[in-house]
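Number of protein chains: 2
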Amino acid sequence: MIPERSLEVLRAIVQDYIASKEPVGSKSLVERHSFGVSAATIRNDMAFLEDEELIHAPHTSAGRVPTDKGYRLFVDRLNEVKPLTVAEKHAIESFMQGSADLDDVLGRTVRLLSQLTNQVAMVQYPTLGKASVQTVELIPVSETRLLLILVTDSGRVQQHVIELGEAVDPLFVAELRAKLIGSLTGVALSVVAERLNGFVDGFVAARTGQVNLVLETLYDQVDANRQEKIILSGTAKLARREEDFPSISPVLEAIEEQVVLLKLITEMQTDNHGVGLRIGRENTVEGLSNTSILVSGYENGGSEIAKIGVIGPTRMDYSSNISAVRAVARYLTKTLGN
Amino acid sequence: MIPERSLEVLRAIVQDYIASKEPVGSKSLVERHSFGVSAATIRNDMAFLEDEELIHAPHTSAGRVPTDKGYRLFVDRLNEVKPLTVAEKHAIESFMQGSADLDDVLGRTVRLLSQLTNQVAMVQYPTLGKASVQTVELIPVSETRLLLILVTDSGRVQQHVIELGEAVDPLFVAELRAKLIGSLTGVALSVVAERLNGFVDGFVAARTGQVNLVLETLYDQVDANRQEKIILSGTAKLARREEDFPSISPVLEAIEEQVVLLKLITEMQTDNHGVGLRIGRENTVEGLSNTSILVSGYENGGSEIAKIGVIGPTRMDYSSNISAVRAVARYLTKTLGN
DNA sequence: ATTGGCACTCAGAGGGTTTGAGTGCCAGAA
DNA sequence: TTCTGGCACTCAAACCCTCTGAGTGCCAAT
Numbered sequence: 001m002i003p004e005r006s007l008e009v010l011r012a013i014v015q016d017y018i019a020s021k022e023p024v025g026s027k028s029l030v031e032r033h034s035f036g037v038s039a040a041t042i043r044n045d046m047a048f049l050e051d052e053e054l055i056h057a058p059h060t061s062a063g064r065v066p067t068d069k070g071y072r073l074f075v076d077r078l079n080e081v082k083p084l085t086v087a088e089k090h091a092i093e094s095f096m097q098g099s100a101d102l103d104d105v106l107g108r109t110v111r112l113l114s115q116l117t118n119q120v121a122m123v124q125y126p127t128l129g130k131a132s133v134q135t136v137e138l139i140p141v142s143e144t145r146l147l148l149i150l151v152t153d154s155g156r157v158q159q160h161v162i163e164l165g166e167a168v169d170p171l172f173v174a175e176l177r178a179k180l181i182g183s184l185t186g187v188a189l190s191v192v193a194e195r196l197n198g199f200v201d202g203f204v205a206a207r208t209g210q211v212n213l214v215l216e217t218l219y220d221q222v223d224a225n226r227q228e229k230i231i232l233s234g235t236a237k238l239a240r241r242e243e244d245f246p247s248i249s250p251v252l253e254a255i256e257e258q259v260v261l262l263k264l265i266t267e268m269q270t271d272n273h274g275v276g277l278r279i280g281r282e283n284t285v286e287g288l289s290n291t292s293i294l295v296s297g298y299e300n301g302g303s304e305i306a307k308i309g310v311i312g313p314t315r316m317d318y319s320s321n322i323s324a325v326r327a328v329a330r331y332l333t334k335t336l337g338n
Numbered sequence: 339m340i341p342e343r344s345l346e347v348l349r350a351i352v353q354d355y356i357a358s359k360e361p362v363g364s365k366s367l368v369e370r371h372s373f374g375v376s377a378a379t380i381r382n383d384m385a386f387l388e389d390e391e392l393i394h395a396p397h398t399s400a401g402r403v404p405t406d407k408g409y410r411l412f413v414d415r416l417n418e419v420k421p422l423t424v425a426e427k428h429a430i431e432s433f434m435q436g437s438a439d440l441d442d443v444l445g446r447t448v449r450l451l452s453q454l455t456n457q458v459a460m461v462q463y464p465t466l467g468k469a470s471v472q473t474v475e476l477i478p479v480s481e482t483r484l485l486l487i488l489v490t491d492s493g494r495v496q497q498h499v500i501e502l503g504e505a506v507d508p509l510f511v512a513e514l515r516a517k518l519i520g521s522l523t524g525v526a527l528s529v530v531a532e533r534l535n536g537f538v539d540g541f542v543a544a545r546t547g548q549v550n551l552v553l554e555t556l557y558d559q560v561d562a563n564r565q566e567k568i569i570l571s572g573t574a575k576l577a578r579r580e581e582d583f584p585s586i587s588p589v590l591e592a593i594e595e596q597v598v599l600l601k602l603i604t605e606m607q608t609d610n611h612g613v614g615l616r617i618g619r620e621n622t623v624e625g626l627s628n629t630s631i632l633v634s635g636y637e638n639g640g641s642e643i644a645k646i647g648v649i650g651p652t653r654m655d656y657s658s659n660i661s662a663v664r665a666v667a668r669y670l671t672k673t674l675g676n
């Protein structure tokens, strides 16, 4: 077990280090915090913390810096989540005011979060989840082209133009449309494909080519709901922290690699405080070993779920950032609720 | 007038500097290029070029570096645009293979351009231009909600859900839909609003509220065609060139500021070689004083027009980049032609 | 106009010294 | 047992000095 005072010392070290960006030594520690003991005693505690690999000295005659493990313990056991200030809550409200469609809401949200935390923010597009088909439409837009529209009950609308390559017969389109609506309304996206098994048999042989073309497109659209995507904001914030990283280039590269980032945040569990956190090397991704990633989940109409979060140096202000991410996620869920 | 050989010297300086990233001196110049004169003579020419402010010495006993003005003269008068290699052409072809909708095409294009030039690439979304309405659709998606769809002849499809707040009468929707189609098919987006002047008078008074709601949404969508947007790719490429900039942070900030960037590229003329170029401080934007911006125009079905380009250090390989931007722009126009 | 020669400049590399924040440890006090 | 004051020790970073060499500018000779 780690003695009580040592934990206090760790907390103080993390706090001072976050504030000053300088390794912190025993002397400045006793000056800024009232431990009621001398610097020498603190040094003993620090030696203990170092044995436990919770802090680490960049070189012999320097102060101490928290290790990833130290931050982890700090966050899990010592950190009190700082509630948002009134000004911040106000900022959230006004930022989200008057947002229109999904793209718009997510765009605003990610900018908001970046601004609030002063870090790089990210939002994952909502994924398939439990969403189901609200309606399907088929509209001729020219001699040979059809517009296929898919509306899900989570309010997402997708469309795609299908080039049939031959003249469109309005009667046939009407029939196809009616049958599609009949078969799919209310059906969960995840079972659309199997529900349409044998669908093509209901048409005369001459039409099967066209029907299949439409079905292909429909499957693509359903899949597009599965295809995941992330938007980022505030990349420049990373650069302003140049001192924080040996080089920002690998970090930028890593976060530009959407696939990796998606994988990473998808497998993150949101446990404590409703947020998920990976500190430093806990992100197995190379290039992110000096960054922490903080995510929280949000919901879209109860049927789609995805994550939102920030990426910053391991030495970030966890208290504020955790509450910001949590608040914005909650707010986003609420906004999408309508 | 600038003597012939001095121009040759300038060309050599630019080329060597781009290749080596080191200030170039008279000695290495005569070694690497066969001028047929001695270093001392070259020095005289360099003194002349310096008087003309085409080159500049970082400090007394250093080699010379081209100034913005020097690059400008180089590009305008000395630079031969390097044709793309077969491999590069091949890369373009295969990269664009099998692209689907507008988003997808633009996304691929910008990644392609970034990869080809090894710089940050950007694509502006097509703007309004001469596009006109191909068709309008109005679809009930729930008790109280309508889906409005606008298709332009450039193939762009937009949709938006309208919350009417009261139950939707199918007959009314059919009437509204028919009248909209009648009034708008083939009408240029720029005159949609005026064409609908008095449109609401054709309905019974009880419906005017709902009609106006739909019209508002329609106007918004038309405007969204005007609303401009840029996508970027390869931001990390900037960071890998850390030596090129005193600090990348202002550069990143500048390019994250879409509004500024849009304004900048919009006012750029594409003159020589079909591309537009701003070198260093020619970009009045603060933060971009060490970067050059290179753009070329592309068209979407002849009716929408926008720009595509790259941003890099002033010391970039203009020859290759100009041809890459030009080629990709041409290819993009062709791809969108279908 | 061009050239070789030469004195001059100066950024940057190399090397040595100094400084001071900070540690580790110990012997004695509480 | 826990804490404390004291002290020797360490080492990165700051500072300073010198040296080096690439490069210039200018001039007198060709």
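One line per chain: the protein sequences are A and B, in this order.
Under the working numbering, the letters of the first sequence match residues 1 to 338, in that order.
Under the working numbering, the letters of the second sequence match residues 339 to 676, in that order.
Think of the CB as a built atom: it goes at the ideal place given N, C-alpha and C, for glycine as much as any other residue.
Within chain A, partners of residue i - CB distance below 9 angstroms
| i | result |
| --- | --- |
| B:G618 | The premise fails here: B:G618 is roughly 20 angstroms from chain A at the closest Cβ pair, so nothing lies under 9 angstroms. |
Chain-ordered chain A contacts of residue i [CB-CB under 7 angstroms]
| i | result |
| --- | --- |
| B:A574 | S249, L252, E253 and E256 |
| B:D439 | H160 |
| B:V495 | L147, Q159 and V161 |
Exposure of residue i, with buried meaning 16 or more beta-carbon neighbours within 10 Å
| i | result |
| --- | --- |
| A:N212 | exposed |
| B:P588 | buried |
| B:S399 | exposed |
| A:D104 | exposed |
| B:G675 | exposed |
| B:A350 | buried |
| A:V222 | buried |
Residue i and residue j closer than 8 angstroms at C-beta
| i | j | result |
| --- | --- | --- |
| A:T152 | A:V168 | no |
| A:P170 | A:P140 | yes |
| B:I603 | B:T652 | no |
| B:L392 | B:G408 | yes |
| B:Y557 | B:A516 | no |
| A:N283 | A:T270 | no |
| A:F74 | A:L138 | no |
| A:S114 | A:G234 | yes |
| B:V598 | B:V613 | no |
| B:T447 | B:V458 | no |
| A:G297 | A:A324 | no |
| A:A91 | A:L116 | yes |
| A:L147 | B:V495 | yes |
| B:A574 | A:E253 | yes |
| B:L488 | B:V511 | no |
| B:R370 | B:D354 | yes |
| A:L29 | A:I42 | yes |
| A:E52 | A:I2 | yes |
Proximity winner among the options, relative to residue i (alpha-carbon distances)
| i | options | result |
| --- | --- | --- |
| A:T349 | A:L294, A:V325, A:E242 and A:L189 | Because chain A spans 1 through 338 in this model, residue 349 of chain A falls outside it and cannot be assessed. |
| B:L450 | B:G675, B:G647, B:E388 and B:D406 | B:G647 |
| A:L84 | A:T335, A:R326, A:A57 and A:T333 | A:R326 |
| B:T405 | B:I660, B:M654 and B:R668 | B:M654 |
| A:V339 | A:R226, A:L164 and A:E175 | As displayed, chain A neither begins before 1 nor continues past 338, which places residue 339 of chain A out of reach and without an answer. |
| A:G25 | A:I2, A:S142 and A:E50 | A:E50 |
| B:L547 | B:A357, B:L514 and B:A377 | The amino acid at residue 547 of chain B is misidentified as Leu; the sequence shows Gly. Taking only the C-alpha atoms, the option nearest B:G547 is B:L514. |
| B:E342 | B:D354, B:R402, B:G445 and B:L416 | B:L416 |
| A:G273 | A:S320, A:A306, A:I305 and A:V222 | Looking at the sequence shown, residue 273 of chain A is not Gly but His. It is A:S320 whose Cα lies nearest to the Cα of A:H273. |
| B:E595 | B:R619, B:S585 and B:L570 | B:L570 |
| B:V499 | B:T555, B:M339 and B:A543 | B:T555 |
| B:A544 | B:G520, B:E504 and B:I649 | B:E504 |
| B:G445 | A:K334, A:F245, A:E22 and A:K229 | A:K229 |
Interface residues of chain B facing residue i [CB-CB closer than 7 angstroms]
| i | result |
| --- | --- |
| A:R240 | S587 |
| A:V211 | By Cβ distance, chain B contributes nothing, its closest Cβ being about 20 angstroms from A:V211, past 7 angstroms. |
8 angstroms Cβ cut-off: residues of chain A touching residue i
| i | result |
| --- | --- |
| B:S492 | Here the premise fails: no neighbours, minimum Cβ distance about 11 angstroms. |
| B:V443 | Going along chain A, no residue has its Cβ under 8 angstroms from B:V443, so there is no contact; the nearest lies around 13 angstroms. |
Contact set between residue i and chain B, taken where Cβ atoms lie within less than 9 angstroms
| i | result |
| --- | --- |
| A:T135 | I477, P478, V479, S480 and L485 |
Contact test: residue i Cβ vs the ligand GDP heavy atom, cutoff 7 angstroms
| i | result |
| --- | --- |
| A:G165 | Looking for the ligand GDP in the displayed structure turns up nothing, as the structure carries no ligands at all. |
Any beta strand (DSSP E) of 3 or more consecutive residues that is wholly inside the region 450-509 of chain B:
458-462, 471-478, 483-490 and 495-501
Whole alpha helix (DSSP H) runs in the region 267-291 of chain A with 4 or more residues, listed along the chain?
none
Could I get the ranges of all uninterrupted beta strand (DSSP E) runs contained in the region 512-573 of chain B, with 3 residues as the minimum, in chain order?
568-571
Which runs of the alpha helix (DSSP H) at least 4 residues long sit entirely within the region 4-35 of chain A? Give them in chain order.
4-20 and 26-32
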